Each structure stands twice: as C-alpha cells, then as structure tokens.
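Residue numbers (the numbering used here): 225 to 874.
Cβ coordinates follow ideal geometry from the N, Cα and C atoms, glycine included.
Values in this document were obtained by computation on a predicted structure and should not be read as measured data.
Okay, structure first, notes after.
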C-alpha cells in the first residue's frame, strides 16, 4: 500500500484542525467529525488544547483512501508553537496549506509557504471558509499568483460562495478547458512534453494525469482547491487529489534501516515515547536499536500507531510509515536510528524570551524542575536550566500564549502550580573579530591538556562551524573529540553569558601526555581556552529582530512612522491605498514587544499588526543586557579547576 505522510499546516484559525476532522470522517476513519469549538477534535486531545481551542502539539491520525494510506500530521497554527511545525516538516511527503478565503494571506501563511519551499515539500493549497460572509477566493487567487511566485492550478470549481449552501465540483481532464489549462501548466515545466504538445500529438488524459502527479510531487505545480471544512465541502476532492498525485518521495531505494525521531511524548506507564518516520528498513517490537549521535542503545518494547490520543499496538513499522516506539528512554528529538538522511533544515521560530519558573512552595522546586525537564525533552527550545545552588529554574519561551499553555500543562500533567517572572529578551553574542585562545592545564599532577583554538566570526545566521588540524601522534583523536564536545558546551555562555553564535572554531594545536593525561582533562581545559579566545576577539551583543506588517487608517500614518523611529525600526516605503496605510518594518524585539497593545489603543482597535521572527542583528553597545551566569566562569581559572576536579573525582 502506498503511504503518504501529509502535513496539515496553516496560520492560526484558518481551519486546519476542522479540515483534519472532516478528512478523517469522510474517509470513514471516524464515525463523526469532531469539533474544535466543542472540544471534541481527535487531534486536539490534550486538555489545554480542548479548553483553548488551539493546537499545541503536532498530532498524527491515519486514514485509507482509494488504496492509499494517508498519515495526517495536524500541526499547530499559532506562531508560539511553530517549532512543532519545524520538526514535522522533516518527515512529510506533502502538505496541505490551509488558507482562509476570508482573512486571506497572513504572515504565518507566507512563512509556512517559504518553509515548504525550502524543504522541497510538495504543497496543496486548500482555500477554506468559502461558506463565510466575506469569502473572496477569486481575489485571493490573484494575491497568491503575485505573492507566492508560482502560478496555482485550480482543481475545483466553486458555486454559492459566501453561503452555507456552497458547493464545489472537481474539474476533470476529460473537460477540454481544464485539459488545455493543465497541459499548458505541464508544458511550462517539462520540455519533452512541451515539444509533444506544440507538435499537436494526441495526448491521452491518463498521460497528462501522470505528468501532473510527477510535477506536483516535485513541487513544480501548485494545485489549489476551494471549499469549506466546516460544511465538509471540498474534502473528498482533497482526498482524491492527495491520493492520486502525491508520492512518498523521501523513502530510500534500499532496505537499510533509516529512521528519524521527530517528536517525543511521555506515557505514565511506558515513560518516554519516540515518534519516528522510517525512510528505510523496518523496526519491530523487541528490536535493539542505537540512537545517533549519542550512541545510546535501547530495546523497543512496543510499536504504536497513534490516532490523536489513542493508539494501537502494531508490532512493526516499515519504510514510509510513522509510528511511536516505546522503551527508548534516551531518545531525543532529531535522533537517528540507522542511516542518516540528508533532510533540509528550516527555522520557523526561535524563543525570544527568558523567564524564571517559581514554584508555589519551596518544597516543590525539585518536582517543578523535573516536570520542566520532561517537557523540555518534548520541546527542546524550552532550554530549561536549573541552578540548584541559586535555587532558580530558567525557561526559554516564544511568547505569552506558550507561557500560559506551559502553566496549564504543568498543572494538568503534574499537579503543580507554577508562576513565571516577567519575560526578558534573549540576546546572543558573536566574536567581534578573529583571535586565539590558549590554555595549558599541566598542574597539579596528574593532568596534562594543552589546547589552542583559533576563533573567527561568521556572517549573521551562519551558525557554528568546527574543524581540527592536529595529527593523532601529537593529540589523540579521542581527546580531539573531547575538545569538540567541550567547545560546543562552552558556546552556551560567552562573555555576556549569552549563547555564542555565528563563529568558526579551529583546533589549531594541542598536546596530551601519555602518562599524566586524564581522559577528562580536555573537558576542563577547553572552556578556559575558548573563553580566553573570546576575550581576545571581543564579543558583540546581538538582539532579536522581528518583521512587522502594520496596517492602519491613513490618518494614523504619522503616529506610526514616529513610533517606528522611536523603536529604532527600519522600514520600506509605506503604501497608501483606499484610505489605508500599510508599512513593513524591521524592529528590535526589546523595543516593540508591547507595540501591538499600544497600537490598538492609539487607533481605537482599528490598527492591525502581524509579526514574524527575523533573526539577530548587532545591538547598540549601551542597550544590551548581560545575562546571569550559570555555574563558574572558566575565566576564573583557579575556581573553575577546583570545581571541575571535584566533579571529576566525585
């Protein structure tokens, strides 16, 4: 059976969970369609999701249609939970991008489109809410043609728009008009077909259908359907198109085992559960597996197929399918089992704020720390840091909604009440220039670790690069591996105690001693060398930026421009049309975090603002804030050595 892993993605409130419910119902996978408003949606099974009417975690559900299994991955729409979408994109064969034909293109819609293009994920557009007043699928199609950079091919014909009685009809290649339109689309993407088409050769509809499927699966043709998920209109047409035209392109061509952990959940009985996509081979109950890059091993005690919060024990999962593996207590998100696949990475979000978690009572500090550590395994961006000496728990969050959901999750799952401090902006830092860091840890014996690191800055957004140029006879490769691990750990806190980014570190020189070197010596010496190097380079503080689109009545244009200047923003030429003023601006998060509230007050609720994360830029020297350091600073060399030796001996 052909298996397609199909993501359902959208801007918040576009109707993707309602669409998922209708797909399950109309395929016969469920007896009725669940409701987001009534809290009965199967893929929104967590209590916090049902109470708030939003998706918080990506959720899987399977259906069969026309001999094809579709594994639906319903993803959150709210930008605070975009990391769930990031992880899901790696395992998809295709995606349905749901767009409200009432609200039109929104910032998160465009961000999702860019992510789908970046990961080469074939996409089907579903223009939803055709039954609602204000639905304008025609103008939306024109907007899509202009903004998405790819001409959409409409596969359905809509009647009765803006009415609960709206209907759609699938366009058929047996119809001359649609055949001609589809053939022209295909001819524009395939030279061989173009020659045949221009020659006037007879082209059977089956041949054109096969070529359309190939081009859609390669992302070169963008199919569009219209409908209303709430009314169940256009859903069967979507099932037909996905089953007929999408292909499982990400599978390996051989039988070698290859799987990716894309999600972690926890079960009260089974503990940590690793949700995987298999690209090759098979995994069965009682199989022993090795997780990379950690090298941890484990035995699979159960293989589950989930449908929302419910599961069945399937015993085995094969290439192309998704499943949940029990028994792998060391599994982490993005771990690989077997061969690694070359999958495109994409960032849709980043935690912009840091908060301190405060237990309701002092004796709940350690239980709260444990609860947050477990939740951090499910969402690594939380980056929970617990300092037992200071009795403080720090957590990274993307926004206010995530913080509210986190509070509810802690109460729901663990029975703990937690408060959170006022959010502070997360800064980063990067080397201001090139430099070298050196340390020789040779006393007191027994010890011997000499490390020399060259450090240089990289362009913004380049990340971290590492290389080594020391021969094994001078410094054993196993010790060089220790140095690389230690450098990556040292990046967590730089001179300003923020994460160090956009740099290249090269192991330029080093040595060990065949008698005196302890295996852990390089874990002690490397952070000292790194911090000395960063001190020699100098460190530039970076602040997070967001791209904001602001729309207000024209009379408020002067106020908005003044606000942008005050917030240190840069902006493109504004557009004034039909009494409306719109502008796109790049704004520092620290200066604009409450601007949405201010704008609403200034315009009596008539102003609109939408934002998306736009990376980091250098922060003016007098405006950035250093973070509090966790643990001992390696630049306090004597204290660092004493602390590390005590830990090594303990």
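Residue closest to residue i, alpha-carbon to alpha-carbon, out of the options
i: residue 828; options: 326, 608, 580 and 777; result: 777
i: residue 440; options: 344, 450, 353 and 492; result: 344
i: residue 284; options: 576, 534 and 704; result: 534
i: residue 813; options: 870, 799, 837 and 831; result: 837
i: residue 675; options: 618, 746 and 640; result: 746
i: residue 282; options: 648, 415, 579 and 266; result: 266
i: residue 763; options: 726, 752 and 711; result: 726
i: residue 342; options: 569, 627 and 626; result: 569
i: residue 292; options: 269, 472, 323 and 385; result: 472
i: residue 741; options: 756, 770, 781 and 698; result: 698
i: residue 753; options: 771, 339 and 659; result: 659
i: residue 394; options: 715, 825 and 459; result: 459
i: residue 848; options: 857, 664, 757 and 650; result: 650
i: residue 329; options: 852, 347, 490 and 371; result: 371
i: residue 455; options: 820, 532 and 249; result: 249
i: residue 457; options: 396, 389 and 409; result: 389
i: residue 617; options: 642, 401 and 443; result: 642
i: residue 443; options: 797, 340, 356 and 830; result: 340
i: residue 263; options: 252, 279 and 254; result: 279
i: residue 383; options: 377, 376, 392 and 761; result: 392
i: residue 657; options: 647, 522 and 680; result: 680
i: residue 755; options: 661, 705 and 738; result: 661
i: residue 512; options: 502, 416, 525 and 404; result: 525
Buried versus exposed call for residue i [16 or more other C-beta atoms within 10 Å across all chains shown]
i: residue 530; result: buried
i: residue 790; result: exposed
i: residue 709; result: exposed
i: residue 362; result: exposed
i: residue 515; result: buried
i: residue 866; result: exposed
i: residue 711; result: buried
i: residue 620; result: buried
i: residue 693; result: exposed
i: residue 868; result: buried
i: residue 519; result: exposed
i: residue 624; result: exposed
i: residue 229; result: buried
i: residue 702; result: exposed
i: residue 225; result: exposed
i: residue 734; result: buried
i: residue 652; result: buried
i: residue 767; result: buried
i: residue 430; result: exposed
i: residue 474; result: buried
i: residue 807; result: buried
For residue i: DSSP bridge partner residues
i: residue 609; result: 618
i: residue 659; result: 679
i: residue 289; result: 292
i: residue 447; result: 377
i: residue 784; result: Beta-bridge pairing links residue 784 to no other residue.
i: residue 488; result: 498
i: residue 642; result: 583
i: residue 401; result: Partner(s): none; residue 401 has no beta bridge.
i: residue 350; result: 322 and 449
i: residue 766; result: 652 and 842
i: residue 850; result: DSSP, once it has assigned bridges, lists no residue as partnering residue 850.
i: residue 442; result: Paired residues: none, contrary to the question.
i: residue 521; result: 514
i: residue 795; result: 809
i: residue 529; result: 536
i: residue 858; result: Answer by DSSP bridge pairing: none, since residue 858 is not bridged.
i: residue 777; result: 804
i: residue 733; result: 676
Interface flag, residue i vs chain C, CB-CB below 8 Å
i: residue 260; result: Absent here is chain C; the protein component of the structure consists of one chain.
Discussion item. Ignoring anything shorter than 3 residues, give me the beta strand (DSSP E) runs that lie fully in the stretch 702 to 729, in order along the chain.
Written reply: none
Discussion item. Can you confirm whether the stretch 449 to 457 touches the stretch 235 to 244 when touching is taken to mean that 3 or more C-beta pairs between the two stretches lie within less than 8 Å?
Written reply: yes
Worksheet item: With contact counted as at least three CB pairs below 8 Å, one residue from each stretch, are the stretch 312 to 330 and the stretch 430 to 439 in contact?
Response: no
Worksheet item: Which residue spans inside the stretch 541 to 608 form an unbroken alpha helix (DSSP H) run of at least 4?
Response: 589 to 602
Worksheet item: So, do the stretch 723 to 740 and the stretch 610 to 618 have three or more beta carbon pairs nearer to each other than 8 Å?
Response: no
Item to complete: Could you tell me whether the stretch 681 to 694 touches the stretch 837 to 852, where touching means 3 or more Cβ pairs closer than 8 Å?
Response: yes
Practice prompt. Indicate whether the contact test is met: 3 or more Cβ pairs, each with one atom in the stretch 538 to 553 and one in the stretch 570 to 587, closer than 8 Å.
Written response: no
Worksheet entry | Inter-stretch contact (C-beta, 8 Å, three-pair minimum) for the stretch 230 to 237 and the stretch 297 to 304 | yes
Worksheet item: Does the stretch 660 to 680 come within contact of the stretch 816 to 830, defined as at least 3 CB pairs closer than 8 Å?
Response: no
Worksheet entry | Cβ pair count under 8 Å reaching 3, the stretch 545 to 559 against the stretch 585 to 592 | no
Worksheet item: Would the stretch 597 to 606 and the stretch 485 to 498 be scored as touching if the rule is three or more Cβ pairs under 8 Å?
Response: yes
Discussion item. Closer than 8 Å is the cut-off here; do at least three beta carbon pairs connect the stretch 345 to 352 with the stretch 316 to 336?
Written reply: yes
Worksheet item: Are at least three pairs of beta-carbons, each pair with one atom in the stretch 710 to 723 and one in the stretch 852 to 860, less than 8 Å apart?
Response: yes
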